[in-house]
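As numbered in mature numbering (1 follows the signal peptide of the UniProt record, and there is no 0), residues -19 to -1, 1 to 187 make up the sequence shown, in order. Here is the structure we will look at.
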Amino acid sequence: MTARRWRGWVVLVPVLWLAACGGTPSPPAPTPAPATTAPTPAAADPDPARFAPQVLARAREAGVTPWLVMAILYNESYKPHDPQLERAWQQWKPDAAFGVANMHRATFDATKRGRAFAARTWEQLPDDPDLAIEAAAWYLHDLATQLPADHVKGLSSDELLALGYNAGPATMKAFARGARPGPAAQSYLDNLRGNRAKAGHALGEP
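Spelled out as C-alpha cells, the structure:
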C-alpha cells in the first residue's frame, strides 16, 4: 500500500497503455470520433464515491468505520485503476499492488484466510472493486486487533489503522508507541485527513 507519486503515472500511463494494447499507436484518424462516443468507465467516473454502497456494506461486515475505508480509497486513487493499465504495470513491476484499494498479493492472501472470499485470487482485484473493498475492510479489521489499547495522543485509532494499511502492522505499532511518521507516512496521514470530509459526504454523512 506504499503510495507512489502521481507524476510517475503521468509519465508511465502512455507506455503502459501501449503495453496493454500490444503495439504502437496508429496515426490519428482524419475525422474525430462522434461526440456521442461513450468514455471508458475509469475515465467517466474515477471518483471513489461511486463505491459508497460497497463501502457501507463491507465496512459493516468487517466492523470498521465506513469513512475510514472510503478515505483510504481516496488516498489510493492517485493512480488510474484501469484493469489493463494495472496489469501492464504489474508486468513492469511484479510487486505492484492491485485494485481500487491498492493491495499487494501477500496482504490479500493473508487477509482472505477463513473469510467468505477465501476462494478468490489477488489477480481478480483489478476487475472486481467490491472484492477489493471487501479485502481492504477485513485487513483494517485485522490491523485493529493488533492496535495497542493505549496509544500516543495526537493520532486517532482510525488514523493509526490507515497508517498500518499504508505501511504495515509493525510500523503502525511503532507510531502507536510514539514514533514520529516519516515524510511518506506523514503525507499519507495528511491526505487521509484532507479526504475526511469528502469521504463522509460520499457516504451521506451530514
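Virtual Cβ for every residue (Gly too), placed ideally from N, Cα, C. Note that the structure is predicted; figures quoted are calculated from it, not measured.
Three-state class that DSSP yields for Phe79 in the structure shown:
strand
If Pro129 sits next to Ala157, beta carbons under 8 angstroms apart, how far is it from one beta carbon to the other, in whole angstroms?
5 angstroms
Which runs of the alpha helix (DSSP H) at least 4 residues long sit entirely within the stretch 25 to 62? Give them in chain order.
33 to 43 and 47 to 56
Inter-residue spacing [alpha-carbon to alpha-carbon] between Asp90 and His122:
15 angstroms
Just reading off the alpha helix (DSSP H) that His85 is part of, what are its end residues?
It is not in any alpha helix (DSSP H) - His85 carries neither H nor E in the DSSP assignment.
Would you say Gln127 lies against chain D (beta-carbon separation less than 8 angstroms)?
Within the model displayed, chain D is absent; a lone protein chain is all it includes.
If you count every other CB in all the chains shown that lies within 10 Å of the CB of Pro107, and 16 or more means buried, which is it?
buried
Going by C-alpha to C-alpha distance, which of Ala117, Arg86 and Gly95 sits closest to Thr102?
Arg86
Could you give the uninterrupted runs of the alpha helix (DSSP H) lying entirely in the stretch 84 to 139, keeping only those of 4 residues or more?
86 to 92 and 110 to 125
Outcome for Thr126 when other beta-carbon atoms lying within 10 angstroms are tallied against a minimum of 16:
exposed
Go through its chain and collect everything with a Cβ distance to Leu144's Cβ below 8 angstroms, but skip five positions before and after it.
Leu136, Thr152, Met153, Phe156, Pro162, Ala166, Tyr169 and Leu170
Do Val45 and Ala118 have their beta-carbon atoms positioned less than 8 angstroms apart in this structure?
yes
Measure how close the beta-carbons of Pro29 and Leu49 come, nearest whole angstrom, since I'm counting them as under 8 angstroms.
In fact, because the Cβ distance is near 13 angstroms, the residues do not count as touching under 8 angstroms.
Less than 8 angstroms between the CB atoms is what I'm expecting for Leu173 and Leu37, so what's the real figure, rounded?
With a Cβ gap of about 19 angstroms, Leu173 and Leu37 do not count as contacting.
In angstroms with no decimal places, state the Cα-to-Cα distance between Arg31 and Gly95.
28 angstroms
Compute the Euclidean distance between the alpha carbons of Pro61 and Asp131, then round it to the nearest angstrom.
38 angstroms
Val133, buried or exposed, once every other Cβ within 10 Å from all chains shown has been counted against 16
exposed
So, is Gln72 buried or exposed, given that buried needs 16 or more other C-beta atoms within 10 angstroms?
exposed
Any idea what DSSP makes of Ala148, helix, strand or coil?
helix
Alpha-carbon to alpha-carbon, Lys179 and Asn56
11 angstroms
Express the C-alpha separation of Ala97 and Arg41 in angstroms, rounding to a whole number.
14 angstroms
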